[in-house]
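In my numbering, the protein residues as written are 315 to 792.
Using N, Cα and C, we set each Cβ at its ideal position, and we do this for glycine too.
Data block below; observations after.
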């Protein structure tokens, strides 16, 4: 992890803390102003600015800085766009506000109305955004004037180097001056390429490093352009001479979506991953799973009873369909759905196998004769899925995630299909809200599951859940 220079980091942290404290008091005046203009509004009773409130504001400001720090808001951000900064502020503000709500409820702080906290959230988000825009433009202006700039050497002469140079030239606020490039010996036929000087070959790297004032080395080459031994030699030289180096992740074959550098007992470790790894958001995802599934299980319990009675009256056998499935990291677990098929559905499946409309290991036919009348209604509105909320509450599943896998399907999976098992299965996911009835190829299902995994965020979960509500209410389910 690359940190900003200490004084930059401290300025950013102090500015965020002061802005958050200011937002608390600004929210107080806005809240009172709204109560004055709209005395009939149910905003809660009076609150006073007391000594106790002052220290709570200070603690809250510190917590906000800690949250933003955990979200890497103070890491090296020369290349970060203002949009990226605002996105981090939004995440931090939401998490901080949720923690504030929890603290008020659990620790039973003196009376603080929820409407006040809501106003604070809005003011703090807007204030932090304004602060970041100001600091961002100040830094950008300073770099454009020729100060706080970095001299960069690009290793590579192919399309990746070309793309990087073009991107730098479009973003003058980054403050990067590209001194030149070095490339393969066979590719050096000109003294200039992409408008930049060719300073030499990979073998000239150390000499070039001594000859020019280079702050940073950026490798924009594929594994074919830069051999393993040459790469290790460049790393060794940069480490020995204290020169910062960045490596295009495509150099490692483009197989991994996330490349991070960690330290384990003093040993530097490069981690390659294709799964969500932000612990804070994974904890938040689990917290939401517990809260939402727990609340829905309580609220919907009368409907469970009604559905169970309808199934029992109209068909023989049990009310629930028990299914053994494979979940996270191929771990088996038992889940439940409301029964929507006749009792001997599995035996009938053997006779219907030739009518399968789905390419791949999954069985699916339109107007399946095994589905009962009540079952067809339940499936139309996805009500048969509701008992899976218990699996979500227990932790075997999540509200959002890839479809659970039957053990007999796993044997038919191709290698790349198995990556869908790298996160918990869910009740709903991308393909289930994006034309699931129209998808007849298992590969397309998996592609959408992997798209979800690669782009996962707590915001994407909210988006899918919102779409799922629409799908259920309109009856555009299975």
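Please report the residue range of the alpha helix (DSSP H) in which residue 646 lies. Careful: residue 646 lies outside any alpha helix (DSSP H), inside the beta strand (DSSP E) at 646-652.
Quick one, which of 596, 488 and 414 has its alpha-carbon nearest residue 429's? 414
Under the three-state reduction of DSSP, which class applies to residue 700: helix, strand or coil? coil
Applying the criterion that 16 or more other CB atoms from any shown protein chain within 10 Å of the CB defines a buried residue, is residue 726 buried or exposed? exposed
Using alpha carbons as the reference points, say which of 554, 653, 714 and 707 lies closest to residue 690. 653
Contact defined as beta carbons within less than 8 Å: I believe residue 409 pairs with residue 433. What is the distance between those atoms, to the nearest angstrom? At roughly 18 Å, the Cβ-Cβ gap does not stay under 8 Å, so residue 409 and residue 433 are not in contact.
Please state the DSSP three-state secondary structure of residue 514. strand
Check whether the Cβ atoms of residue 458 and residue 493 sit closer than 7 Å, and answer yes or no. no
Find the nearest neighbour of residue 467 within the set 443, 557 and 740, judged by alpha-carbon distance. 557
Residue burial classification, residue 658 (beta-carbon count within 10 angstroms, cutoff 16): exposed
In whole angstroms, give me the CA-to-CA distance for residue 417 and residue 370. 11 Å
Between the region 679-695 and the region 727-738, do at least 3 Cβ pairs fall closer than 8 Å? no
Using a 10 Å radius around the Cβ and a threshold of 16 neighbouring Cβ atoms, would you call residue 762 buried or exposed? buried
Please work out which residues of its chain come closer than 6 Å, Cβ to Cβ, to residue 534, disregarding the five sequence neighbours upstream and downstream, and give them in chain order. 468, 470, 474, 475, 478 and 562
Consult DSSP for residue 330 and reduce its assignment to one of helix, strand or coil. helix
Starting from the C-beta of residue 528, find all residues in its chain whose C-beta is less than 8 Å away, skip the five residues before and the five after it, and write them out in chain order. 465, 466, 467, 493, 522 and 557
Beta strand (DSSP E) runs contained entirely in the region 683-770, provided each spans 3 or more residues: 712-714 and 740-742
Endpoints, alpha helix (DSSP H) assigned at residue 667: Residue 667 -> no alpha helix (DSSP H), and no H or E assigned at all.
Within a Cβ cutoff of 8 Å, which residues of the same chain sit near residue 667, ignoring the five residues on either side of it in sequence? 677
In whole angstroms, what is the alpha-carbon distance linking residue 524 and residue 481? 27 Å
Between which two residues does the beta strand (DSSP E) containing residue 438 stretch? Unbroken run through residue 438 is the alpha helix (DSSP H), 428-458; no beta strand (DSSP E).
Would the region 641-656 count as touching the region 697-708 if we require 3 or more Cβ pairs under 8 Å? yes
Bridge partners of residue 539, per DSSP? None, per the DSSP bridge assignment.
Mind checking whether residue 641 and residue 710 have CB atoms under 7 Å apart? yes
Mind checking which residues open and close the beta strand (DSSP E) that includes residue 479? Element bounds for residue 479: not the beta strand (DSSP E) but the alpha helix (DSSP H), 473-484.
Here's the rule I'm using: 16 or more other beta-carbon atoms within 10 Å means buried, otherwise exposed. How should residue 674 be labelled? buried
Distance CB(residue 515)-CB(residue 442) smaller than 7 Å: no
When the Cα of residue 313 is compared with those of 741, 603 and 594, which residue comes out closest? This structure cannot speak to residue 313, because the chain is shown only from 315 to 792.
Use the C-beta contact count for residue 435: other C-beta atoms within 10 angstroms, 16 or more gives buried, fewer gives exposed. buried
If you draw a straight line from the C-alpha of residue 452 to the C-alpha of residue 594, how long is it? 31 Å
Go to residue 533, then tell me how far its beta strand (DSSP E) extends in each direction, as first and last residue. 530-533
By how many angstroms is the C-alpha of residue 462 removed from the C-alpha of residue 519? 25 Å
Cβ shell of residue 568 (< 8 Å), same chain only, five flanking positions each side left out: Because residue 568 sits at a pLDDT of 49, beneath the cut-off of 50, its placement in the model cannot be relied upon, and the point is left open.
With DSSP as the reference, label residue 600 as helix, strand or coil. helix
If you draw a straight line from the C-alpha of residue 753 to the C-alpha of residue 680, how long is it? 12 Å
The beta strand (DSSP E) that contains residue 561, what's its start and end? 558-561
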